[in-house]
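Trainee: Residue numbering for the sequence shown follows this note's numbering, beginning at 15 and increasing consecutively. Glycine residues also receive a C-beta, built at the ideal position from the N, C-alpha and C atoms. These numbers were taken from a predicted model, which means no experiment stands behind them. So that we are looking at the same thing, I have put the structure below in structure tokens.
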Amino acid sequence: MRVRRLEAVVGASTTAVLLAVLFVGPGLGPAGWAVGLATGWGATALLAVALRRTPHAKMGPADWITLTRAVLIAGIAGLVADSFGGSDSTTAVVVLACIALVLDTVDGQVARRTGTAKPFGARFDGEVDAFLILVLSIEVSRDYGNWVLAIGAARYVLLIAGWVFTWLAAPLPARFWGKVVAAVQGIVLTVAASGLLSRPVGMIAVGIALLLLAESFGHSVLWLYRTGAGPVTRRVVRRSTAVIAAAVVWAVLVAPDRLDHLTPAAFVGIPVEGLAVVAVGLFLPTRGRRALAVVAGFAFALVTIAKLLDMAFNAELDRPFNAAGDWTNLGLGIGVVRDSIGARATDTLLMMVVLGLLLMVVVVIASTLYLSNLTARHPRSSARGVTALGLLWVVSAAMSLHVAGTSVASLSTAQLAVTQVYDAEAAIRDAHHFESALHSPDPYTQIPSRELLSELRGKDVLLVFVESYGQVAVQGTSFSPGVDSVLRSGNTALARAGYSARSAYLTSPTFGGMSWVAHSTLQSGLWIDSQQRFDALMSSDRLTLSSAFGKAGWRTVSDNPADKHPFTGGTTFYHYNQLYGRLDQGYQGPTFSWAAMPDQYTLAEFQQLELGRGHAPVMAEIDLVSSHTPWTPLPRMVPWNRLGNGSIFDPMPAEGLSPGVAWRDSDTVRRLYGQSVQYSMHALISWITRLHDNNLVVMLLGDHQPATTVSGYDASHDVPISIVAHDPSVTARIARWRWQQGLLPSPAAPVWRMDAFRNRFINSFSTGHTANTLRPAR
Numbered sequence: 015m016r017v018r019r020l021e022a023v024v025g026a027s028t029t030a031v032l033l034a035v036l037f038v039g040p041g042l043g044p045a046g047w048a049v050g051l052a053t054g055w056g057a058t059a060l061l062a063v064a065l066r067r068t069p070h071a072k073m074g075p076a077d078w079i080t081l082t083r084a085v086l087i088a089g090i091a092g093l094v095a096d097s098f099g100g101s102d103s104t105t106a107v108v109v110l111a112c113i114a115l116v117l118d119t120v121d122g123q124v125a126r127r128t129g130t131a132k133p134f135g136a137r138f139d140g141e142v143d144a145f146l147i148l149v150l151s152i153e154v155s156r157d158y159g160n161w162v163l164a165i166g167a168a169r170y171v172l173l174i175a176g177w178v179f180t181w182l183a184a185p186l187p188a189r190f191w192g193k194v195v196a197a198v199q200g201i202v203l204t205v206a207a208s209g210l211l212s213r214p215v216g217m218i219a220v221g222i223a224l225l226l227l228a229e230s231f232g233h234s235v236l237w238l239y240r241t242g243a244g245p246v247t248r249r250v251v252r253r254s255t256a257v258i259a260a261a262v263v264w265a266v267l268v269a270p271d272r273l274d275h276l277t278p279a280a281f282v283g284i285p286v287e288g289l290a291v292v293a294v295g296l297f298l299p300t301r302g303r304r305a306l307a308v309v310a311g312f313a314f315a316l317v318t319i320a321k322l323l324d325m326a327f328n329a330e331l332d333r334p335f336n337a338a339g340d341w342t343n344l345g346l347g348i349g350v351v352r353d354s355i356g357a358r359a360t361d362t363l364l365m366m367v368v369l370g371l372l373l374m375v376v377v378v379i380a381s382t383l384y385l386s387n388l389t390a391r392h393p394r395s396s397a398r399g400v401t402a403l404g405l406l407w408v409v410s411a412a413m414s415l416h417v418a419g420t421s422v423a424s425l426s427t428a429q430l431a432v433t434q435v436y437d438a439e440a441a442i443r444d445a446h447h448f449e450s451a452l453h454s455p456d457p458y459t460q461i462p463s464r465e466l467l468s469e470l471r472g473k474d475v476l477l478v479f480v481e482s483y484g485q486v487a488v489q490g491t492s493f494s495p496g497v498d499s500v501l502r503s504g505n506t507a508l509a510r511a512g513y514s515a516r517s518a519y520l521t522s523p524t525f526g527g528m529s530w531v532a533h534s535t536l537q538s539g540l541w542i543d544s545q546q547r548f549d550a551l552m553s554s555d556r557l558t559l560s561s562a563f564g565k566a567g568w569r570t571v572s573d574n575p576a577d578k579h580p581f582t583g584g585t586t587f588y589h590y591n592q593l594y595g596r597l598d599q600g601y602q603g604p605t606f607s608w609a610a611m612p613d614q615y616t617l618a619e620f621q622q623l624e625l626g627r628g629h630a631p632v633m634a635e636i637d638l639v640s641s642h643t644p645w646t647p648l649p650r651m652v653p654w655n656r657l658g659n660g661s662i663f664d665p666m667p668a669e670g671l672s673p674g675v676a677w678r679d680s681d682t683v684r685r686l687y688g689q690s691v692q693y694s695m696h697a698l699i700s701w702i703t704r705l706h707d708n709n710l711v712v713m714l715l716g717d718h719q720p721a722t723t724v725s726g727y728d729a730s731h732d733v734p735i736s737i738v739a740h741d742p743s744v745t746a747r748i749a750r751w752r753w754q755q756g757l758l759p760s761p762a763a764p765v766w767r768m769d770a771f772r773n774r775f776i777n778s779f780s781t782g783h784t785a786n787t788l789r790p791a792r
């Protein structure tokens, strides 16, 4: 008993000494003391109990080293607990963890060299390792996200499961790879906690460590099942696994590629692809069958990833993913998410998505292989089942049988694969077609400078894009009455200030995002509906509205408060004389999720920079971004004379919902979208009426409809456009366009393709211009 009391006394006292050292050094607080003492004393108490209950167990030299590691881990636990209160003790955590990891390599060697290696010592060593990994995972999760906790929780999930299923609590044989994986966890988590790696690299390293741990635990659970599970358990597990595997393969083969089609009825189809793999496998030798199952499972997993990408693109851009041209858009979309919810949350989300996809691939391949093996063990019943389902598939196909709109004779996976290949080939062909259109003769380049846009000479012409300002904002939705009210009151305010407006609709080449392709379509007169076309356009010398105004003598300006870095194409392609981005506006206020600054500030600052007394005529594209997704939090209008450097907006972000809260409910998202458009339009109209510029011409329009969360599926791509002018001769020049009066176009208003605008605009405002209107290029 003296020996056993000695371990408890030594463990408890050294824990207190270590915590006292940490109190003097890094400055351990009350929370750290409480957690450290509870951890150290709890570990020594459990050790004493284990020694008492284990026959002939006693402390060997290696066990004293392991106890030292346990005490060090108690100190780490105290430091980690203290860090939640704001203290920074990263260095001390890393130092103690490194010492513990080094001692982990020592205790095993000591046990072997002294001949004292015993099962008790191995179990003690393993539990100490597990607790170190748990504590380090808690520390790393504070920066990398809660998914890291899965590393630390794995051992304890298995422990709890062993209380329910006793075969899971059986001792495991020594396995060198298991020791390697355990060491990797501790090393990777320690390095991640140190901050030596960049956050993305660190997250990748921790993710790989988690995958290795999953493999190791999976191997252990499988061994325990094979060696310890009883016949009843085996039967239940086999049947459950068969059902789950069949459900996984069935689901991935018949799953739709649009979220609005993701209903229970979507899974009633019979997947002919799965039947074919099973049928062919019945005639192959074992190796060939398994190879077929693995290849087919991998192909099924790839098609599932394609379906998930299609879901995302259909929801956001109202079109499926294109393997030939949309990889760039994934990066751009990640950038939007990062600006909306922050870099840390985005990195965590990406890591969870990557791990989820990898897990999905493994599960699909394993399920396909399991079904292949199962059918091979029962060839006759499998052949009968495949034959019956095959006949039902043929009859359903012949009769075009559907359930709730879903074809019973499913070919969705094969059709999707064919469609993806066809769309990729079409994108490649389109690149050649667009190059021809891009370099075809453009008669508008031949208009003399003295005639080009001469009817607007001396006027300030502003092209104002209102982000996500789509047709749904003004027609037939729960939020359109609020926007319509702002536009109607805007008509009254503009009329009082001497302005008139004409409105219609333009069909945008994009939906839900990729604003830049809409901007380039309107300016170039070419249909830019992909990043591939946009990149080709940027390397050309196509005449744009901005370059036309520059040629005709205007000072040309781009004002995009979302640009973090100078937009190279702004000078090389659009030929702007001046570019204003996020860092050029003097803004010192808060960001509003994705929006770097409120629209009201953007407009006021543009006036200050470019519309001072006696300024030369200016043509500018101004991008208003307060109505950009995620539409929360939103700013409020403030008195124009109190804008200052923008710090007046400081309290406003905290007054609104965070994106994470708002996007839990689609009705809330739609309401916030409507409010964001109301704000942007209110700010713009108020600004116009305050300018008192009799030479002002404003073309205000949306770039695209908002995403399907707001617009719904199968919505049009139409966006409102209005031309506001003080000089009646401007609206007289566009009378033949038959646009409607005011800012609010009705459902009967004219609808043009967006690429038709450049030519018609130049025709209408260029004296003596006789060039034929170009046919828009698709």
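#1: Go ahead and pull the three-state DSSP assignment for H589.
#2: Between the Cα of Y436 and those of A337, H416, V291, spot the shortest distance and give me the residue it belongs to.
#3: In whole angstroms, what is the alpha-carbon distance linking W264 and V417?
#4: To which residues does DSSP link F606 through a beta bridge?
#5: Grab me the residues of S522's own chain with a C-beta within less than 6 Å of its C-beta, minus the 5 sequence neighbours each way, in chain order.
#6: Below 7 Å CB to CB, which residues in the same chain sit around G41 once its five sequence neighbours on both sides are set aside?
#7: How do the segment 538-549 and the segment 438-457 stand: do at least 3 beta-carbon pairs fall below 8 Å, yes or no?
#8: So, is R556 buried or exposed, given that buried needs 16 or more other C-beta atoms within 10 angstroms?
#9: How many angstroms separate the CA atom of T433 from the CA atom of A412?
#10: Is the segment 111-126 touching the segment 154-166 in the sense that three or more CB pairs, one from each, lie closer than 8 Å?
#11: Taking 6 Å as the limit between beta carbons, can you name the residues of its chain near F587, skipping five residues before and five after?
#12: Which residue wins for smallest C-alpha separation from L520, given the options P457, Q485, D707?
#13: What span of residues does the beta strand (DSSP E) with V571 cover, start to end?
#14: Can you give me the start and stop residues for the alpha helix (DSSP H) that W407 sits inside?
#15: Using the Cα positions of S424 and L406, report the straight-line distance between them to the nearest angstrom.
#16: I need the DSSP call for K513, collapsed to helix, strand or coil.
#17: Going by DSSP, which residues form a beta bridge with S736?
#18: Can you tell me whether DSSP reads A423 as helix, strand or coil?
#19: Thinking F606 and S640 are a contact (beta carbons under 8 Å), I'd like their distance in whole angstroms, please.
#20: From the DSSP output, in three-state form, read off L788 for me.
#21: Quick one: Cα of V367 to Cα of A197, how far?
#22: Does any C-beta atom of chain D lie closer than 8 Å to the C-beta of E469?
#23: Which residue comes first and which comes last in the beta strand (DSSP E) that contains E635?
#24: Go ahead and pull the three-state DSSP assignment for L625.
#25: Can you give me the C-alpha to C-alpha distance between L323 and T420, rounded to a whole angstrom?
#26: At a cut of 8 Å, does the segment 186-204 reach the segment 386-394 through at least three beta carbon pairs?
#27: Under 8 Å: do the segment 78-90 and the segment 54-61 share three or more Cβ pairs, one atom per stretch?
#28: Is it true that the segment 446-464 meets the segment 328-343, where meeting means three or more beta-carbon pairs spaced less than 8 Å apart?
#29: Excluding five sequence neighbours on each side, which residues of the same chain lie with their C-beta closer than 8 Å to the C-beta of N591?
#30: Compare the C-alpha of I79 against each of L65, L110, A114 and name the closest.
#31: Give the DSSP bridge partners of D474, in chain order.
#32: If you draw a straight line from the alpha carbon of A280 to that of K321, how long is it in whole angstroms?
#33: Would S736 and L714 be called neighbours here (beta carbons separated by less than 8 Å)?
#34: Between R352 and T362, which are expected to be in contact by the criterion C-beta below 8 Å, what is the C-beta distance as a whole number of angstroms?
#35: In angstroms with no decimal places, state the Cα-to-Cα distance between G583 and A164.
Mentor: Answer, in terms of the structure:
#1: For the purposes of this step, residue 589 is taken as the residue at position 575 of the sequence shown. H589: coil per DSSP, three-state reduction.
#2: Position 422 of the sequence shown, counted from the start, is the residue given in the question as residue 436. Residue A337 is the option with its Cα nearest to Y436.
#3: Translated into the one-based positions of the sequence shown, residue 264 becomes position 250. Translated into the one-based positions of the sequence shown, residue 417 becomes position 403. If you take the alpha carbons of W264 and V417, they lie about 17 Å apart.
#4: For the purposes of this step, residue 606 is taken as the residue at position 592 of the sequence shown. Beta-bridge pairing links F606 to A609.
#5: Residue numbering aside, residue 522 sits at position 508 when the sequence shown is read from its first letter. Cβ neighbours of S522 beyond the five flanking positions: A532, H718, H731, V733, M768.
#6: Against the sequence shown, residue 41 aligns to sequence position 27. Within the same chain, G41 has close Cβ partners S101.
#7: yes
#8: Your numbering for residue 556 matches position 542 in the sequence shown. When all chains shown are included, R556 counts as buried.
#9: As a first step, residue 433 is located in the sequence shown; it is residue number 419 there, counting from the start. As a first step, residue 412 is located in the sequence shown; it is residue number 398 there, counting from the start. If I take the Cα positions, the gap works out to 23 Å.
#10: no
#11: The residue given as residue 587 occupies position 573 in the sequence shown. The residues are M552.
#12: In the sequence shown, the residue the question calls residue 520 occupies position 506. Per the Cα distances, Q485.
#13: By 1-based counting over the sequence shown, the position of residue 571 is 557. Here the beta strand (DSSP E) through V571 covers 569-573.
#14: Reading the sequence shown from its first residue, position 393 is the one you call residue 407. Taken as a continuous stretch (DSSP letters only), the alpha helix (DSSP H) holding W407 covers 393-413.
#15: The count along the sequence shown starts at 1 and reaches residue 424 at position 410. The count along the sequence shown starts at 1 and reaches residue 406 at position 392. If you take the alpha carbons of S424 and L406, they lie about 11 Å apart.
#16: Numbered from 1 along the sequence shown, position 499 holds the residue referred to as residue 513. Note that residue 513 is Tyr in the sequence shown, not Lys. Y513 falls in the coil class under three-state DSSP.
#17: Residue mapping note: residue 736 aligns to position 722 of the sequence shown, counting from 1. In the DSSP output, where bridge partners are listed per residue, S736 has S517, L714.
#18: In the sequence shown, the residue the question calls residue 423 occupies position 409. Residue state, collapsed to three classes: strand.
#19: Stepping through the sequence shown from its first residue, residue 606 is reached at position 592. Stepping through the sequence shown from its first residue, residue 640 is reached at position 626. So it is a contact: roughly 7 Å between Cβ atoms.
#20: Working through the sequence shown from its first residue, we reach residue 788 at position 774. Note that L788 scores a pLDDT of 38, beneath 50, so its modelled location is shaky; the value from the coordinates is reported in the next line. Correct three-state label for L788: coil.
#21: For the purposes of this step, residue 367 is taken as residue 353 along the sequence shown, with counting starting at 1. For the purposes of this step, residue 197 is taken as residue 183 along the sequence shown, with counting starting at 1. Roughly 26 Å between the two C-alpha positions.
#22: In summary, chain D is missing from the structure at hand, where a single protein chain is found.
#23: In the sequence shown, counting from the first residue as 1, residue 635 sits at position 621. Here the beta strand (DSSP E) through E635 covers 632-638.
#24: Residue 625 sits at position 611 when you count from the first residue of the sequence shown. Correct three-state label for L625: coil.
#25: The sequence position of residue 323 within the sequence shown is 309, counting from 1. The sequence position of residue 420 within the sequence shown is 406, counting from 1. Going from the Cα of L323 to the Cα of T420 covers about 21 Å.
#26: no
#27: yes
#28: no
#29: On the sequence shown, residue 591 is found 577 positions in, with the first residue counted as 1. These residues qualify, in order along the chain: G564, R569, T570, V571.
#30: Residue numbering aside, residue 79 sits at position 65 when the sequence shown is read from its first letter. It is A114 whose Cα lies nearest to the Cα of I79.
#31: Your numbering for residue 474 matches position 460 in the sequence shown. D474 is bridged to L710.
#32: Along the sequence shown, one-based indexing puts residue 280 at 266. Along the sequence shown, one-based indexing puts residue 321 at 307. Roughly 13 Å separates the two Cα atoms.
#33: One-based indexing of the sequence shown puts residue 736 at position 722. One-based indexing of the sequence shown puts residue 714 at position 700. Their beta carbons are under 8 Å apart, which means S736 touches L714 by this criterion.
#34: Position 338 of the sequence shown, counted from the start, is the residue given in the question as residue 352. Position 348 of the sequence shown, counted from the start, is the residue given in the question as residue 362. The pair is not a contact, with the Cβ atoms about 11 Å apart (cut-off 8 Å).
#35: Your numbering for residue 583 matches position 569 in the sequence shown. Your numbering for residue 164 matches position 150 in the sequence shown. Their backbone Cα atoms lie some 45 Å apart in a straight line.
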